[in-house]
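Be aware that the sequence shown starts at 1, since it is given in my numbering, and climbs by one per residue.
Heads up: the structure comes next, in structure tokens.
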Amino acid sequence: MQAGSQMIKLRGKSKALVRLFYLDEHKSCIRWRPSRKHERAKITIDSIHEVCEGMRTEVFRRFANNNFDPNCCFNIYHGDQVESLDLVSTNGEEARTWITGLKYLLAGISDEDSLSGCFLTSCCKWLRQTFSEADKNGDGNLSIGEVLQLLHKLNVNLPKQKVREMFQVHYILSTWVGSLTFEEFCTFYKLISTRRDLYLLMITYSNHKEHMDLNDLQRFLENEQKAGVIHFAHLHEVIYYCKMIINQFEPCSENQTRMVLCIDGFTNYMRSPAGDVFNPEHYQVNQDMTQPLTNYYIASSHNTYLTGDQLLSQSRVDMYAYVLQAGCRCVEVDCWDGPDGEPIVHHGYTLTSKILFKDVVETINKYAFAKTQYPVILSIENHCTVPQQKKMAQHLMEVLQDKLDLSNINVNESRRLPSPELLKGKVLVKGKKLPANIDAEAEEGDVSDEDSGEEDEEEEEQINGDVRSYMCSWQVSSLNESLTNQIMQLKPAQLVRLNQRQLLRVYPFNYRVDSSNFNPQPFWNAGCHLDPFVEVEIIGLPIDCNKQQTRVVDDNGFNPIWEETLVFTLHMPQIALVRFMVWDHDPIGRDFIGQRTIAFKSMMPGYRHVYLEGMEEASIFVHVAINDITGKVTFYYISFLFCINVATEILTVVEGEVHFQNENFLTIYSPPCHPRCSCPSL
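Here is the structure:
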């Protein structure tokens, strides 16, 4: 792969370009040449979502007349917009080499001959990528100019002479030859990124020694990280865990023998997943999944098929694969009459492209349960005539087969919808039963779901009655955000009681043509179940909503220290989330840098790193303290001590901001606690 392979790169409707594709020397990205934009002609390994063999994308379908051998074809899905790089190799063996090699790299395996071997740490991968991007001429070395540019990017503003002095004083270069190798760059980065906050924390627990012994480490874990309370039942288990930490994170073999942890080892441990603010046990389902379906929030997607805005963007079946693998359990399918009697999916009365309903169902069938077995709900917005509705029903039953849930229980008798546990591996259809008096010659557009255009109570969404299931129209409703807001203002208690009995899906207002998302938290408070969203900005019960921020640290975006404590009080922690936001302050406003949102119940106490979403090696170092205040009502008192931000990509001045924010249950069903089950009103 590093030697390179001649392959055909497919673009647009008819372009087929022969390019040399190769893996760079650091195994961090795929590059190709020739290219007019050399720096942009690459895909980083970290940006790759999936590598698929065969001819799966729309691009390959446009080249159907070229008679490519499917064994030579593969797709690389990458980037925030899940773009596809469609390639055709010269032979099947070469394609398999690339597919297998890329899958190894995605799994963190850099040496194909050693599958047990060396997993690249995120820090090492980030350093290699950073070095590669700074190496403008690609010679494997950084000149003094390139080093200075890199330091400026890292918000370390040092004069050229000072950089030279640092090299010489610390013997990074035995003789200055005007450039840095990768190994020398790593040494230099370690020098400038020494963590003063962690050093002070270490000597506090080591009685000012330059290392922590087993007793020091044990006291730190028990007093600060609450390890004894959370993880261990007996003292000997804590001691064993301390020994494991030293053996795993201490780089000096002599210190391992002495069973002590120096500053490098302590930093390695605190920067590892063990020091993350998120509880690792919550990466798996940890809630009771046997309650009725109405007791859960459900991660949902609106206009799932679109890659962008609702007027001009592309419709792609790949988007269903992407959102299902990202954790969505409710997807939308807008169905219209298509040519040759085949229903199509697109955003009606717009210029968005069209895809086949059958292809959508086949994609859902393949990816619905790739990440989790909990049920998937198809929210069908149906504009098809009766003959094409029957075709839809045929595709659903033939493609999904036993995955399609066709059971028919009497909910009136049981008063309970089935649980996610009971519905594992099932696909549910949200639609309305076909009335007996419908005209078989009905024309396209005569019927519509409540999601479309103007609301009309007499309009009916149609779908063949053979495939309806629990999601009958009177058991699940769809309301736009504007109407739901009005109901919440006028009759909040009734809305909560309604959501105790049936599912309610809230979808974005029609004027959100840019596919932006509404704030789901107010609807969650009222018990609404299906809420599409990407980013949220308002949180919890109104009494818990709060926002505070630290002071501004001037001219230090590399390692600012705040040393401030922010305190919050919660009344309903079960539905609260904590959002950490970092801003760049300037005289006329502020620029958003990064954020991380975490369920309150998933937060770990003690000294923790809050890693910002989508920013490698960028984090906020905080101390989390949570206390119960018990009286007539139990309150939760939570405080954050902001120590340091090692965000290597933050620009110029950094300001840390913390406020409660709900971005709840993105990847799994999760039951709410009590607001829908027991609260008479909000």
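We treat Cβ as the ideally placed atom computed from N, Cα and C, and that holds for glycine.
Bear in mind the structure is a predicted one, so any value in this text is a computation, not a measurement.
For V360, the enclosing alpha helix (DSSP H) begins and ends at 357–367. Straight-line measurement puts the Cα of Y22 at about 51 Å from the Cα of I626. Listed as beta-bridge partners of L142 by DSSP are L180. In this structure the segment 357–370 touches the segment 325–339; the number of beta carbon pairs closer than 8 Å is three or more. The beta carbon of V345 sits closer than 8 Å to the beta carbons of Y305, S315, V333, D334, C335, W336, K354, I355, L356, F357, V360 from its chain, once the five residues preceding and following it are set aside; these are given in chain order.
Burial state of F592 is exposed, judged by a 10 Å Cβ sphere holding fewer than 16 other Cβ atoms. Note that the segment 275–282 touches the segment 599–616; at least 3 beta-carbon pairs, one per stretch, sit closer than 8 Å.
By the Cβ rule, the segment 247–257 does not count as touching the segment 381–394, because fewer than three pairs are nearer than 8 Å. Judged by DSSP secondary structure, E94 falls within the alpha helix (DSSP H) whose first and last residues are 92–106. For the 7 Å CB-CB criterion, V582 and R596 do not form a contact. Taking a C-beta distance under 7 Å as the contact criterion, F60 and D86 qualify as a contact pair. Of L428, E564, P420, the smallest CA-CA separation from D402 is found for L428. Per DSSP, the beta bridge partners of L20 are Q6, R33. Restricting attention to A321, V622, I598, H623, the CA atom closest to the CA of E613 is found in I598. The C-beta separation of Y320 from T363 comes to about 5 Å, placing the pair in contact by the 8 Å criterion. Contact annotation, G4 with L20: C-beta distance approximately 5 Å; criterion of less than 8 Å satisfied. Between the segment 36–52 and the segment 72–91, the count of Cβ pairs shorter than 8 Å is three or higher; the stretches touch. DSSP places C186 in the helix class (H, G or I) of the three-state scheme. CA-CA distance, Q225 to M212, rounds to 16 Å. In this structure, R219 is the residue among R219, C186, S619, S89 with its C-alpha nearest to the C-alpha of L201.
Looking only at L422, E381, V376, the smallest Cα-Cα distance to L400 is reached by V376.
In this structure, the alpha-carbon of S179 lies about 9 Å from that of G145. Taking C-alpha positions only, V622 is separated from R608 by approximately 5 Å. When the beta-carbon positions are compared, H302 and S132 stay at least 7 Å from each other. Its chain contains M212, D216, R219, F220 as the residues whose beta carbon lies nearer than 7 Å to that of Y205, once the 5 sequence neighbours on both sides are disregarded; these appear in chain order. A distance of 7 Å or more separates the beta carbons of S84 and C72. About 6 Å separates the beta carbon of K424 from that of Y374, a gap short enough to meet the 8 Å contact definition. Nearest Cα to E93 within the set M1, P34, L105: M1. The three-state secondary structure of D337, taken from DSSP, is coil.
By the Cβ-count criterion, E481 is buried, with 16 or more other Cβ atoms from all chains shown falling within 10 Å of its own Cβ. In the DSSP annotation of this structure, G275 is not part of any beta strand (DSSP E), being labelled neither H nor E.
With respect to the 7 Å criterion, M270 and P343 are not classified as neighbours on the basis of their beta carbons. In the displayed model, L428 falls within a strand according to three-state DSSP.
Between the alpha carbons of V578 and V147 lies a gap of roughly 37 Å.
With a cutoff of 7 Å on beta-carbon distance, R329 and I298 are scored as near each other.
Our two residues, V624 and W562, have alpha carbons roughly 15 Å apart in a direct line.
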